[in-house]
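Counting the sequence shown from 1 gives a position; this note's numbering is that position plus 1.
Think of the CB as a built atom: it goes at the ideal place given N, C-alpha and C, for glycine as much as any other residue.
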Amino acid sequence: MLNSTVVGRVEVTPELLILRVRPDAGVPDFLPGQYVALGLPGSAPRWDKAEPEGQEPASDKLIKRAYSIGSSPEQKEYLEFYIAILPSGSLTSRLSVLKEGDRVFCQPKVAGTFTLEHVPEEKNLVLVSTGTGLAPFMSMVRTSSTWKAQRRITVVHGVRYPGDFAYAEELCELSSSTQRLDYLPIASRAPQDWDGKKGRVQRLLEDGFLRVDPARDHVFLCGNPAMIEDLEALLYRQGFTVHSKKAEGNLHVEKYW
């Protein structure tokens with residue numbers, strides 16, 4: 002039942018975890034932006050801050066949830082996941098206590114259409130996220146095929162507190178080294194003495210600090226449903242259209258909350 006091994010963990014905060022998992026069968030081929038399911042049995046230990054479960058799952062029952070892959074498909078040592086630990090979460094309260102060497106279930110089949118397949122090479126990418134919604138965008142910017150010759154990439158990451166900015170160092174280094182990536186972190190509950198951007202992600206577009214153009218940009222939204230709803234409405238008014246299986250568009254949305 003458990004077919005993968007934890008090979009790394011980074012505790013960003015007590016509530017935010019980066020988990021690296023190596024499937025026994027090897028890292029499957031996938032596209033940046035796709036996801037797999039992780040799972041643990043009901044008998045697995047839980048976080049000491051976890052809330053009591055209303056109904057305890059059967060000890061042999063596999064609790065599964067889908068998580069976007071944060072690593073590049075070019076990385077064949079492990080799959081990386083960025084996970085928010087919830088005291089009420091049946092699975093996250095169990096994932097939070099995993100250590101290197103522990104076993105976990107990782108769905109062999111990769112899924113998802115939140116990818117760059119339908120973005121023309123000459124179009125820019127504006128990747129807007131809140132919280133752990135940053136994960137699929139990390140997979141994208143870590144992958145060489147994302148970096149087309151004429152393309153600029155903007156990564157927007159909204160969190161509550163400055164300490165929640167996972168991947169900030171990597172994104173700052175990438176921004177400095179390539180000159181073709183803009184990293185815009187913003188914190189909604191930052192202290193007064195913090196000198197970064199303060200407020201909700203929506204503010205960056207509402208105030209015109211971040212300008213997007215439907216003629217040259219493809220916008221990807223991933224994270225909090227309120228953020229997605231607000232920005233969808235704003236971007237509709239600016240001439241963006243949602244991408245779907247039936248019609249290609251320049252606004253791509255991932256609602257996995």
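Residue i versus the options, residue with shortest Cα-Cα distance
i, options, result
"K124", "K256, D218, P226, G240", "D218"
"T144", "E101, S72, T114", "S72"
"T147", "C107, A136, E118", "E118"
"S97", "V111, A59, P46", "P46"
"E122", "K149, L63, F221", "K149"
"A216", "L63, G250, V156, S60", "G250"
"L87", "P53, A234, R181", "P53"
"G134", "F241, D103, L17, G9", "L17"
"V22", "V13, V8, E12", "V8"
"S130", "K247, L236, V220, T14", "V220"
"D61", "L252, L41, V120, F241", "L41"
"G240", "I229, K110, L252", "L252"
"F106", "E75, L126, I64", "I64"
"S91", "K77, C223, Q56", "Q56"
"P33", "S245, Q76, N225", "Q76"
"K199", "E207, L206, P186", "P186"
"Q151", "V120, W195, F166", "V120"
"P109", "V160, L172, Y36", "Y36"
Near the ligand COA: residue i beta-carbon under 8 Å from a heavy atom
i, result
"G40", "The ligand content of the structure shown is nil, which means the ligand COA is not present either."
Three-way DSSP call (helix, strand, coil) for residue i in this model
i, result
"Y237", "helix"
"L80", "strand"
"T131", "strand"
"P42", "strand"
"D218", "strand"
"T179", "helix"
"P226", "helix"
"A248", "coil"
"G102", "coil"
"A51", "coil"
"A85", "strand"
"S189", "coil"
"A169", "helix"
"L3", "coil"
"S145", "helix"
Delimiting residues of the alpha helix (DSSP H) encompassing residue i
i, result
"R23", "Element bounds for R23: not the alpha helix (DSSP H) but the beta strand (DSSP E), 17–24."
"P137", "136–142"
"R95", "93–96"
CB of residue i within 9 Å of CB of residue j, strictly
i, j, result
"Y168", "S176", "no"
"S69", "Y79", "no"
"G43", "A26", "no"
"A67", "S94", "no"
"P74", "S178", "no"
"G164", "G224", "no"
"T6", "D103", "yes"
"V142", "V156", "yes"
"G113", "E255", "yes"
Cβ distance (whole Å) where residue i is taken to contact residue j below 8 Å
i, j, result
"F115", "L128", "With a Cβ gap of about 11 Å, F115 and L128 do not count as contacting."
"A191", "Y162", "7 Å"
"S189", "R201", "5 Å"
"I19", "E101", "Their Cβ separation, rounded to whole angstroms, is 13 Å, which puts I19 and E101 out of contact at 8 Å."
"D231", "Q193", "Going by Cβ atoms, the distance from D231 to Q193 rounds to 25 Å, so no, they are not a contact pair."
"I229", "L222", "5 Å"
"F210", "V111", "No, F210 and V111 are not in contact; Cβ-Cβ is about 35 Å, not under 8 Å."
"N4", "P24", "6 Å"
Unbroken beta strand (DSSP E) run spanning residue i, endpoints
i, result
"L206", "Not the beta strand (DSSP E): L206 falls in the alpha helix (DSSP H), residues 202–207."
"L211", "That residue, L211, is in no beta strand (DSSP E); it is neither H nor E in DSSP."
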